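Visitor: Protein chains in written order, with this note's numbering: chain C, 126 to 286; chain F, -3 to 343.
A virtual CB, placed ideally from N, CA and C, is assigned to each residue, including glycine.
All figures in this text were calculated on a predicted structure; none of them were measured in a lab.
Structure incoming, see below.
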């Protein structure tokens, strides 16, 4: 960019340093305010982030040297020869946490729109949501007593979930 | 403002924010090594540049030149995509964070110090940061390594567990401000009460319980000590990034520290009044001082992150899950109900 461009932000309309077509475009198109325009910078930002991630991975692949050996290419298990398969079974607790998360997160998300307009709903809004949260808490108490939240062994010994 | 100028200004802002964020990430790592070093009676980095200040640059170059391994046992596409997913969502969530007031430059440009001012900024951040869990889950699964798989599973379970408490801790703030727009949430906290105490949500709104729930959930979300079970090196080597090397390995760190910065920004905006602080002087100072206050508050959060790391030991996994589900979640719900009751009674 030329020196004039650096003063672009200070002056009213010093667009001489741009080609005519760009200057025309900048002058003519009015600035609308709609959802697309509001989210356009977010989209650009996301694309820049994607570009950054790709460039970094590619650069590392291009620049870094590669001298593979059998030891380097085997799965890392603290220097021992790998034993067995990775695709083995893992604790069912992880699935349980996943399911509970969906239930509770959906319930939490329901609170958001209510929270934003609570000032207008006043006490009516509070009692409505109080009933909802009470039902939510009954379910929470149930899974707690059922042992779904216990990670350690006792519940497993009892043969429950 | 016309469309072309709008896009030009947006691009300039995006470039600036990227530069600042990546620098902040690099120097948070430096600060962490330095501060933890001093806490452990060491010096931390001292060799590269004065006070080791050029250490991040040296590390970056080193990462680039390291051997970029793609072992044959991995699921190649996902293995490469995972660090990219982690880093791109970590860098995207900063887009809706406002750093200061609106600024007028000349007569034509009037723009917020924020990449885009959307009215559901908070939802955008929650959505984008939630997507970051895919990077970790996929890296753990695609590496085809037992440590990676366990680390990835732990990280996913931990992140989704604490996300509920994190989400619920924000409801109190939403009730008080009545908006999803981060800018309006900050504006709702302007002014003072009792003469001098700022009307920040943590004081005036009585959201200190929510603040601590948020802080703890945020530590767990970013996999930091005392919640860094996914990369517990005594049991899992390095967790989900055991099989990664060179820049792909560094990208997970970039994502983690970028998330720390975002979490600090969000805490500042929601609970500590954002960029509000003493403002005086000519126009240029009126523009820069709010940004200074904002950065100062975020810096405090970064420092506390490091301080906690230098102080606390790691949880056991069952303690971690019990803490999230049986302590933070009920406390967050109680905070929502009490805040709602007080606000409903007053309005």
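Please find out if some non-hydrogen atom of the ligand SAH comes closer than 7 Å to the beta-carbon of residue 253 of chain C.
Guide: Ligands are entirely absent from the displayed structure, and the ligand SAH is therefore not among its contents.
Visitor: At a CB-CB cut-off below 8 Å, which residues of chain F make contact with residue 233 of chain C?
Guide: Among the residues of chain F, those whose CB is under 8 Å from the CB of residue 233 of chain C are 160, 163, 164, 167, following chain order.
Visitor: Assuming residue 184 of chain F is part of the beta strand (DSSP E), what are its boundary residues?
Guide: Following the DSSP letters along the chain, one finds residue 184 of chain F in no beta strand (DSSP E), marked with neither H nor E.
Visitor: Could you tell me the distance, in whole angstroms, from the CA atom of residue 277 of chain F to the CA atom of residue 109 of chain F?
Guide: 19 Å
Visitor: Is residue 58 of chain F close to chain A? Criterion is C-beta to C-beta, closer than 8 Å.
Guide: Included in the structure are the protein chains C and F, with no chain A among them.
Visitor: Check whether the region 187 to 198 of chain C and the region 216 to 232 of chain C touch, using three or more Cβ-Cβ pairs below 8 Å as the test.
Guide: no
Visitor: Keeping to the same chain, check which residues put their C-beta closer than 7 Å to that of residue 180 of chain F; ignore five residues upstream and five downstream.
Guide: 173
Visitor: Taking residue 198 of chain C as the reference, which of F:298, F:141, F:170 has the closest Cα?
Guide: Residue 198 of chain C has its Cα closest to that of F:141, out of F:298, F:141, F:170.
Visitor: Using only CA atoms, which one of F:94, F:251, F:259, F:168 lies nearest to residue 177 of chain F?
Guide: In this structure, F:94 is the residue among F:94, F:251, F:259, F:168 with its C-alpha nearest to the C-alpha of residue 177 of chain F.
Visitor: Skipping 5 residues on each side, what residues in its chain have a beta carbon closer than 7 Å to that of residue 320 of chain F?
Guide: 157, 158, 161, 216
Visitor: Tell me which residues of the region 234 to 257 of chain F have at least one Cβ-Cβ distance to chain C shorter than 7 Å, keeping chain order.
Guide: 238, 239, 242, 243, 244, 247
Visitor: Where residue 199 of chain F and residue 100 of chain F are concerned, what is the direct C-alpha to C-alpha distance, given to the nearest angstrom?
Guide: 32 Å
Visitor: Does the CB of residue 188 of chain F have a neighbour CB from chain C at under 8 Å?
Guide: no
Visitor: Using the beta-carbon count (16 or more within 10 Å), is residue 331 of chain F buried or exposed?
Guide: buried
Visitor: With a threshold of 8 Å between beta-carbons, can residue 136 of chain C be considered close to chain F, or not?
Guide: Bear in mind that a pLDDT of 39 at residue 136 of chain C, under 50, signals an unreliable position, so the model cannot answer this.
Visitor: Please report how far the alpha carbon of residue 194 of chain C lies from the alpha carbon of residue 167 of chain F, in whole angstroms.
Guide: 54 Å
Visitor: Check whether the Cβ of residue 224 of chain C lies closer than 8 Å to any Cβ atom in chain F.
Guide: no
Visitor: Classify residue 179 of chain C as buried or exposed, calling it buried when 16 or more other Cβ atoms lie within 10 Å of its own Cβ.
Guide: exposed
Visitor: From the DSSP output, read off the bridge partner residues of residue 237 of chain F.
Guide: Paired residues: none, contrary to the question.
Visitor: Between residue 253 of chain C and chain F, is the shortest Cβ-Cβ distance under 8 Å, so that the two count as touching?
Guide: Chain F contact via Cβ: absent.
Visitor: Which bits of chain F does residue 190 of chain C rub up against, with CB to CB less than 7 Å?
Guide: Against residue 190 of chain C, the close residues of chain F are 63, in the order they occur along the chain (beta-carbon pairs closer than 7 Å).
Visitor: Check each candidate in C:203, C:169, C:182 and name the one with the smallest Cα separation from residue 232 of chain F.
Guide: C:203
Visitor: Applying a beta-carbon distance threshold of less than 8 Å, which residues of chain C neighbour residue 318 of chain F?
Guide: 274, 275, 276
Visitor: If I'm right that residue 96 of chain F touches residue 286 of chain F with Cβ under 8 Å, what's the distance once you round it to whole angstroms?
Guide: 4 Å
Visitor: Helix, strand or coil for residue 136 of chain C per DSSP?
Guide: Caution applies to residue 136 of chain C, whose pLDDT of 39 falls short of 50 and renders its modelled position unreliable; the value that the coordinates give is listed next. Coil.
Visitor: Of all the CB atoms in chain C, is at least one closer than 8 Å to the CB of residue 174 of chain F?
Guide: yes
Visitor: Could you compute how far the alpha carbon of residue 240 of chain C sits from the alpha carbon of residue 2 of chain F?
Guide: 33 Å
Visitor: Residue 126 of chain C CB to nearest chain F CB: under 8 Å?
Guide: Note that residue 126 of chain C has pLDDT 36, beneath the 50 cutoff, so the model's placement of it is unreliable and the number below is only indicative. With a threshold of 8 Å between beta carbons, residue 126 of chain C makes no contact with chain F.
Visitor: Anything in chain F within Cβ reach of residue 215 of chain C, meaning under 9 Å, just list it in chain order.
Guide: 145, 146, 149
Visitor: Please list the residues of the region 163 to 186 of chain C that have a C-beta atom closer than 8 Å to any C-beta atom in chain F, keeping them in chain order.
Guide: 163, 164, 165, 166, 167, 169, 170, 171, 173, 174, 175, 177, 178, 179, 181, 182, 184, 185, 186
Visitor: Alpha carbon to alpha carbon, what distance is there between residue 12 of chain F and residue 166 of chain C?
Guide: 13 Å
Visitor: Apply the 10 Å Cβ neighbour rule to residue 224 of chain F and answer buried if 16 or more other Cβ atoms are within range, or exposed otherwise.
Guide: Flag for residue 224 of chain F reads buried.
Visitor: At 7 Å on the CB atoms, spell out the chain C contacts of residue 55 of chain F, in chain order.
Guide: Near residue 55 of chain F there are no residues of chain C at all, since even the closest Cβ is about 13 Å away, more than 7 Å.
Visitor: From this set, F:75, F:340, F:149, which residue's C-alpha is nearest residue 313 of chain F's C-alpha?
Guide: F:149
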